[in-house]
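Just so we're aligned: the sequence shown equals residues 1 to 575 in this note's numbering.
Glycine residues also receive a C-beta, built at the ideal position from the N, C-alpha and C atoms.
Beneath this line is the structure, given in structure tokens, with notes to follow.
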Amino acid sequence: MAAIAQQAHRHRRGKVFYFRIAVPLALQDSLGKEYKCSLKTGDYRLSAYLCRHMSCKAEDFFMTVTRKIPTEDDLRKFMRSYFEQQLEQARFDYNSARSMFYGNEPDKPSKDPYGVIRAAQNALAKAKSQAATHEYTDEQENEAESLLNEANFETYPYSGKLAQYMMDALVEAKRIELAYHKKDFADIEIRHPLLIGTRNVFSPSYKAQITLGQCTKYFIEHKAGSVKAKTLKRLEIFMARMCDILGENKDMRSISKQPDGVLLERAILKFPANYTRDYQAKGESVMGLIESGKNYKKMGPRTIMSYWIHFNEFFAWAADREFIQKNPIANITPNVSIPKKTSRTPFSNEQLKTLFSSPIYTGRKNRGRKLWDTGHLILKDGQFWLPLIGLFMGMREAEILQLTPEDIKEEDGILYFDVNRNDGKDAKTDPSIRLVPVHPELIKMGFADYLTERKKVVKNKGRIFEDGITIPKNMEIIKNYSRNFSEYTVRIGMRSQKDGREVFHSFRHNLQTALGKAGVQNILSCQIVGHEKPEKEMTTGDLVYDHNNLSLRDKYEIISKAKYDVDLSHLYIKK
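Encoded structure:
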């Protein structure tokens with residue numbers, strides 16, 4: 001027996017056919033994800049007919065329920081858009097008539113032999129008459145109804161009101177068109193209060209259109225030479241989110257404080273956290289999600305202000321270059337309360353003992369996941385070495401994870417890391433670019449042998465310490481490691497919760513504290529960890545002669561003084 005062809009929404013269970021249809025996202029909170037019912041028949045043809053009938057009914061129902069009531073602002077937006085279209089069409093018609101009738105004459109002829117001006121006068125008179133008596137045509141009302149339908153708005157009784165708005169817009173467009181034909185340039189500026197600020201292609205100040213999407217690309221190109229690659233990538237995300245809210249095809253000259261600046265503020269306060277990962281991949285638009293009323297996690301206050309600062313910078317830049325008349329958000333600040341930044345604290349001796357007696361150092365069960373599970377597997381990989389490098393060498397996660405074979409060097413018997421910006425690597429500040437000697441404690445643990453083997457394995461510009469660290473899609477290795485390390489410290493009981501005070505960065509504080517106890521001046525330890533030299537501790541001689549520009553040997557002697565009251569002998573190479 002031939003298999004029965006499937007029909008959308010129809011499914012067979014046993015001998016009976018069923019009807020199933022997905023509920024739109026906007027209705028799922030009240031209706032569930034799916035509507036399903038039995039067609040109460042096993043007949044193939046009858047079930048097909050019933051399924052088509054129910055599909056039409058369901059689609060009509062969903063469309064009706066999700067329709068919105070247009071506000072005055074919505075109707076006026078349609079009016080402004082219609083007005084711009086009428087002006088553009090009139091401009092096109094004018095250019096066509098000009099080339100056909102007047103050639104390249106710069107001034108209007110003394111007469112109107114082809115009736116162009118008379119035709120414009122008649123069109124204006126007709127439009128005025130219809131607008132005054134509300135005698136818009138069926139075609140105009142049908143166009144208004146079509147516009148509302150496309151935007152999923154209720155049409156009755158709003159199509160009539162929108163048609164009247166469109167008639168008013170048509171009158172203004174015809175008036176401007178006539179003024180231009182007559183070369184009355186003083187009369188071509190927009191007068192209608194609801195249309196002021198829209199794009200006027202007849203205005204002498206009009207320039208070729210540039211969209212928001214195009215302008216953001218110019219801005220990113222402008223910033224490319226002055227910011228780090230990481231910052232530029234974040235900027236691209238910020239600009240993309242702004243285009244999601246306002247529309248990338250929006251004309252820059254049409255952007256104003258009301259409604260665009262206010263809309264941007266309202267949207268950013270409700271912007272979903274992790275939008276790209278959790279929502280964009282599923283096809284959900286930013287504004288659709290915001291307007292849906294769903295309960296979702298929103299961006300934190302610091303992230304909101306970070307977005308807003310870049311939005312403000314973009315619009316100020318655009319205004320300076322006359323892409324836009326003025327910054328639409330210049331005097332707008334989102335109402336958010338930013339908590340005080342949590343200061344980092346060093347790990348205690350007890351915490352360090354807990355860490356270095358945990359499964360990564362005494363035996364784990366797995367290679368790349370659930371590293372806190374106890375087992376018999378001891379691997380001296382990136383997971384093993386990173387905390388030790390942080391503790392004994394005071395390096396940042398990003399600095400360690402970016403290291404390539406070319407950055408591992410030796411001079412006068414001293415093994416050291418060259419932290420640089422070569423080959424696109426990032427460095428937080430200029431003082432971060434430095435040479436960091438390997439601490440002798442790490443050599444006792446077999447670190448030199450590990451580096452030698454990794455340099456053989458890692459090719460080209462590969463990373464030395466990505467060994468053993470998972471790199472998921474759509475996430476940087478540095479961000480991923482930071483999250484995993486934070487979770488690991490909680491899992492092993494090193495700290496009770498992720499409070500942001502004790503993180504990988506805390507190792508840097510541990511090193512500076514240890515060097516301070518060993519009698520090393522802060523001005524010297526800053527050169528080890530890559531901090532700015534504290535000006536208040538500098539003497540005149542330091543400033544003039546820079547006596548504190550330490551040699552590699554000096555740095556090795558200093559870093560070797562760092563000691564901790566933690567027994568790490570179980571990590572040493574057994575002779």
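* So, do the region 518-528 and the region 550-567 have three or more beta carbon pairs nearer to each other than 8 Å? -> In short, these stretches touch, since the Cβ pair count reaches three.
* To do: State the Cα-Cα distance for the pair Met299 and Asn274, rounded to the nearest angstrom.
  => Cα to Cα, the separation comes out at about 8 Å.
* To do: Enumerate in chain order the residues of its own chain whose CB-to-CB distance from Arg80 is below 7 Å, with the five nearest sequence positions on each side excluded.
  => By the criterion of a C-beta distance shorter than 7 Å, Arg80 is surrounded in its chain by Leu195, Thr198, once the five residues flanking it on both sides are discounted.
* Classify Gln85 as buried or exposed, calling it buried when 16 or more other Cβ atoms lie within 10 Å of its own Cβ. => Counting other Cβ atoms within 10 Å of its Cβ, Gln85 stays below 16 and is therefore classed as exposed.
* Pair within 8 Å by beta-carbon distance, Phe219 and Met239 -> In terms of Cβ geometry, Phe219 and Met239 form a close pair [threshold 8 Å].
* **C-alpha distance - Tyr564 paired with Asn349, whole-angstrom precision** => So the two alpha carbons sit approximately 8 Å from each other.
* Own chain residues within Cβ distance below 7 Å of Ile360, not counting five before or after -> Leu371, Gln383, Phe384.
* Look at Ala163 and Gln130 and say whether their C-beta atoms are less than 8 Å apart. => In this structure, Gln130 does not lie closer than 8 Å to Ala163 by Cβ.
* Asked: When the Cα atoms are used, what is the spatial distance from Ile21 to Leu50?
  -> If I take the Cα positions, the gap works out to 13 Å.
* Asked: When the Cα of Asp430 is compared with those of Tyr307, Gly530, Arg277, which residue comes out closest?
  -> The residue among Tyr307, Gly530, Arg277 with its C-alpha nearest the C-alpha of Asp430 is Gly530.
* Between the CA atoms of Tyr156 and Ala123 - distance to the nearest angstrom -> C-alpha separation (whole angstroms): 29 Å.
* **Classification of Tyr44 by the beta-carbon crowding that lies within 10 angstroms, buried from 16 upward** => Per the 10 Å Cβ criterion, exposed.
* What residue from Pro437, Gly390, Ile443, Ile329 has the CA that sits closest to Glu411's CA? -> Out of Pro437, Gly390, Ile443, Ile329, the CA that lies nearest to the CA of Glu411 is found in Pro437.
* **8 Å Cβ cutoff met for Ser358 and Ile492** => In contact: Ser358 and Ile492 (Cβ atoms closer than 8 Å).
* To do: Please specify which runs of the alpha helix (DSSP H), each continuous and at least 4 residues long, are wholly inside the region 384-455, giving them in chain order.
  => If only uninterrupted alpha helix (DSSP H) runs of at least 4 residues are considered, those enclosed by the region 384-455 are 397-401, 440-444.
* To do: Would you tell me roughly how many angstroms separate the C-alpha atoms of Val490 and Asp554, rounded to the nearest one?
  => CA-CA distance, Val490 to Asp554, rounds to 37 Å.
* Asked: By Cβ distance, which residues of its chain are closer than 7 Å to Gly32, with the 5 residues on each side in sequence left out?
  -> Closer than 7 Å at the Cβ level, and outside the excluded window around Gly32, lie Val23.
* Asked: What residues are listed by DSSP as bridge partners for Leu377?
  -> Per DSSP, Arg364.
* Hey, Arg13 and Phe19: beta-carbon distance below 8 Å or not? -> In terms of Cβ geometry, Arg13 and Phe19 do not form a close pair [threshold 8 Å].
* Would Glu265 pass as a contact of Leu212 if the rule is Cβ separation under 8 Å? -> The Cβ atoms of Glu265 and Leu212 do not sit closer than 8 Å to each other.
* Are Tyr158 and Pro70 touching if we call contact CB-CB under 8 Å? -> Yes.
* **Nearest neighbour of Phe323, chosen from Arg253, Asp73, Leu401 [CA to CA]** => Each of Arg253, Asp73, Leu401 was checked against the Cα of Phe323, and the nearest Cα belongs to Arg253.
* Asked: Just reading off the beta strand (DSSP E) that Phe11 is part of, what are its end residues?
  -> The sequence shown places His at residue 11, not Phe. That run of the beta strand (DSSP E) goes 10-13.
* To do: Answer with buried or exposed for Asn510, where buried requires no fewer than 16 other C-beta atoms within 10 angstroms of its C-beta.
  => Classification for Asn510: buried.
* **Contacting residues, own chain, Cβ-Cβ under 8 Å from Asn366 (five flanking each side not counted)** => Closer than 8 Å at the Cβ level, and outside the excluded window around Asn366, lie Asp373, Gly375, Leu377.
* Cα-Cα separation between Lys297 and Glu487, rounded to whole angstroms -> Distance between the alpha carbons of Lys297 and Glu487: 21 Å.
* Asked: Hey, Ala120 and His181: beta-carbon distance below 8 Å or not?
  -> Yes. Within cutoff.
* To do: Could you pull out every residue in the same chain whose Cβ sits closer than 7 Å to the Cβ of Phe83, ignoring the five residues on either side in sequence?
  => Excluding sequence neighbours, Phe83 sits near Ala169, Glu172, Ala173, Leu195, Thr198.
* Asked: Where does Thr333 sit, in a helix, a strand or coil, going by DSSP?
  -> The DSSP-derived three-state label of Thr333 is coil.
* Do three or more CB pairs link the region 313-323 to the region 453-462 at distances below 8 Å? -> Too few Cβ pairs lie closer than 8 Å, so no.
* Just tell me which of Arg434, Glu406, Ile117, Thr133 has its CA closest to the CA of Arg463. => Looking at the Cα atoms, Glu406 is the closest of the given residues.
* Starting from the Cα of Ala330, find the closest Cα among Thr345, Asn312, Val336, Pro346 and give me that residue. => Residue Asn312 holds the alpha-carbon nearest to the alpha-carbon of Ala330 among Thr345, Asn312, Val336, Pro346.
* Asked: At what residues does the beta strand (DSSP E) containing Phe356 begin and finish?
  -> Phe356 -> no beta strand (DSSP E), and no H or E assigned at all.
* Asked: What residue from Lys425, Ala179, Tyr572, Ser337 has the CA that sits closest to Leu442's CA?
  -> The option with the nearest alpha carbon to Leu442 is Tyr572.
* Asked: Using the C-alpha atoms, what's the distance from Ile268 back to Ile485?
  -> For clarity, residue 485 is Phe in the given sequence; the question names Ile instead. Straight-line Cα distance between these residues: approximately 31 Å.
* CA-CA distance, Gln301 and Ile309? -> What sits at residue 301 in the sequence shown is Pro, not Gln. Approximately 12 Å, taken between the alpha carbons.
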